[in-house]
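With the numbering used here applied, the sequence shown corresponds to residues 2 to 417, in that order.
For every residue, glycine included, the Cβ atom is placed at its ideal position computed from N, Cα and C.
A short worksheet on the structure shown next.
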Amino acid sequence: MILSMKSKRRSIESMANNSTPLALRNHDIIKDIISRLPVKSVKRFESVCKAWYFLFHSGDFISIHFRRSSPRPSLLIRRFHSPSGSNFSITLIDSRTSIPREIRIPFLGSLIRYPKIVASCNGIICFDVSPCYACAFVLWNISTRQFRGLPRPTINDAHEPIWMVACGFGYSPQNNDFKLVRIVNFHCNDDDSPVVRAEVYSWSTTSWRLLDGRMIEERIGSCVIPEGQQAVIVDGSVHWLANGVGKLANHKFIVSFNMGNEVFKTIQTLDFIPPGICAKLVRFNESLALALYPAMPVYPSGYGRPINLIELWTLNKDYPTDGDGTRWTKLHTLELNSSGLGTPIGVYNESELLVKRVDAQCVTLSFFDPYNKTIKTIPICNSEYTCEFYNYVDSLVPVENAADLETEEAQELEIH
């Protein structure tokens with residue numbers, strides 16, 4: 002007989018009240034049941050006994066729990082309430098209840114400025130908490146309430162001024178490791194190409210490591226990544242939109258960094274993007290995609306295409322690795338209304354394009370499903386200056402490198 006979730010919870014609580022002998026004998030059953038519960042419930046049960054504590058902190062259990070988390074991620078919203086961004090809030094809209102909940106940042110009082118979100122990945126949020134040049138970071142798990150400051154990066158402006166810094170945070174399944182990559186552009190060389198340096202922070206080693214300078218210059222030395230954009234992770238690689246410099250100043254590229262082998266490469270964007278059209282890099286249906294949209298409210302186009310459209314193009318997964326001959330396919334087109342400005346800001350749950358619209362003093366968020374041709378719109382805020390959106394998944398992943406807690410003490414428990 003299959004128990005309902007409420008019945009399973011009552012069974013767990015009953016076993017907990019009986020001091021766990023039955024729980025220990027039915028380890029696999031307990032593991033199967035509790036791995037389906039929200040993080041908040043798991044954290045409550047870990048105090049039942051030492052065996053359960055070590056079970057819930059084991060890498061195997063954390064992985065199982067993550068795979069069984071809600072297939073629809075929650076939506077994390079970062080709102081700015083002032084032009085300078087000095088006053089902001091973070092709200093989480095739970096995918097199960099659709100109820101918004103304001104999140105308190107526990108380390109906010111110790112900061113000299115309000116943090117930027119680098120990325121949200123597998124339940125871990127990476128914050129840039131530095132005044133400038135992305136030189137101080139904090140990892141935070143909202144669900145477990147754990148946070149940890151990272152050591153300072155090694156690349157700095159001690160010898161020459163920094164021009165731009167771009168960051169990306171993600172998980173490498175190849176190495177079973179979270180990594181934070183930091184790309185620093187200094188002043189330009191005589192040929193107008195920037196001096197580029199890069200370093201990687203590894204969650205497994207808890208340290209920064211410089212990447213090969215020659216490889217960086219050869220691979221991405223002819224372009225620069227503008228600050229402020231969200232990196233996009235696809236197939237274990239982090240991607241940014243980049244602008245060419247020098248002789249390539251009128252070109253756009255996609256810079257890709259493989260989290261596994263730590264190698265950069267560039268990917269060609271669409272051959273021609275008309276003036277007045279902006280491009281947003283997103284992840285759609287597990288593929289790299291470009292959303293093209295008007296930079297200004299709707300106006301006539303002189304380039305043979307309506308300008309009141311959002312076009313979604315995806316990059317074929319079999320694109321060549323030499324940076325040439327990439328193939329893009331236009332999947333969908335969304336027509337904007339004549340009022341307001343629609344800006345693609347991301348993709349929710351791999352399949353719904355998020356479009357932010359500013360009408361008068363109200364900001365609304367539209368979820369566009371290109372397959373079902375449906376649009377769901379919700380009001381986000383009034384008189385807000387800007388909003389940023391991130392997918393967030395409930396997880397037990399620790400901010401410390403503590404996924405494998407099979408210590409001698411845990412092994413002595415001999416949980417079977």
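Nearest-angstrom beta carbon gap, residue j and residue i [assumed within contact, 8 Å]
i	j	result
ILE104	ILE118	Incorrect: roughly 12 Å between the Cβ atoms, too far for contact.
SER257	LYS248	In fact, because the Cβ distance is near 22 Å, the residues do not count as touching under 8 Å.
PRO74	ASN350	6 Å
PHE254	GLY261	The pair is not a contact, with the Cβ atoms about 21 Å apart (cut-off 8 Å).
LEU316	SER288	6 Å
VAL43	PHE57	6 Å
THR365	ILE346	Actually they are not in contact, since the Cβ atoms of THR365 and ILE346 sit about 12 Å apart, beyond 8 Å.
SER144	SER396	6 Å
Limits of the alpha helix (DSSP H) - the one that residue i falls within
i	result
ARG215	214-221
GLY60	60-68
ALA52	51-57
Residue from the options whose Cα sits closest to the Cα of residue i
i	options	result
ARG210	ARG198, GLU219, ILE125, LYS51	ARG198
GLU263	LYS331, PRO345, LEU289, GLN175	GLN175
ASN419	LYS253, ASN251, ILE268, HIS252	Within the shown structure, residues of the chain are numbered from 2 to 417, placing residue 419 beyond reach of any answer.
TRP141	LEU271, GLU47, VAL130	VAL130
ALA135	GLY124, GLY245, PRO154, ARG146	PRO154
HIS160	ARG183, ASN123, ALA167, PHE187	PHE187
LYS331	PRO345, ALA290, LEU355	ALA290
GLU228	GLY171, ASP236, THR375, ILE184	ILE184
ARG215	VAL196, VAL233, ILE163	VAL196
ILE63	ASN286, VAL49, ASP33, ALA137	ASP33
TRP53	ASN27, VAL398, PHE128, GLY150	ASN27
ASP236	LYS41, LYS281, LYS318	LYS318
PRO152	GLU200, ARG37, ARG79	GLU200
GLY150	TYR115, ILE156, PHE138, PRO101	PHE138
PHE170	ARG102, VAL233, ILE30, LEU355	VAL233
Three-state secondary structure (DSSP) of residue i
i	result
GLY247	helix
VAL119	strand
SER238	strand
SER42	helix
LYS438	The question about residue 438 has no answer here: the residues shown for the chain are numbered 2 through 417.
LEU271	coil
GLY303	Interpretation of GLY303 is limited by its pLDDT of 49, a score under 50 that renders its predicted location unreliable; the figure taken from the coordinates is listed afterwards. DSSP places GLY303 in coil when its eight states are reduced to three.
LEU282	strand
VAL256	strand
LEU151	coil
LEU397	coil
GLY277	coil
GLY110	helix
GLY343	strand
ASN262	coil
LYS357	strand
ALA24	With a pLDDT of only 47 at ALA24, under the threshold of 50, the placement of this residue in the model should not be trusted; the figure read from the coordinates follows. Here ALA24 sits in helix by DSSP.
GLY324	Its pLDDT being 49, under 50, GLY324 is placed unreliably in this model, and the value from its coordinates should be taken loosely. In this structure, GLY324 counts as coil in the three-state DSSP scheme.
ARG37	coil
Enclosing beta strand (DSSP E) for residue i [first to last residue]
i	result
HIS333	329-336
VAL201	195-203
MET165	163-173
ALA290	288-295
GLU103	101-104
ILE94	89-94
GLU312	310-316
ASN157	Premise fails: ASN157 is in no beta strand (DSSP E) and is neither H nor E.
SER75	75-81
Closer than 8 Å to chain C by CB, residue i
i	result
ASP129	Absent from the structure is chain C; it holds one protein chain and no more.
Q.
Does the structure place the segment 194-210 close enough to the segment 171-182 that three or more beta carbon pairs sit under 8 Å?
A. yes
Q.
Counting beta carbon pairs with one atom in the segment 213-224 and one in the segment 269-285, are three or more of them shorter than 8 Å?
A. no
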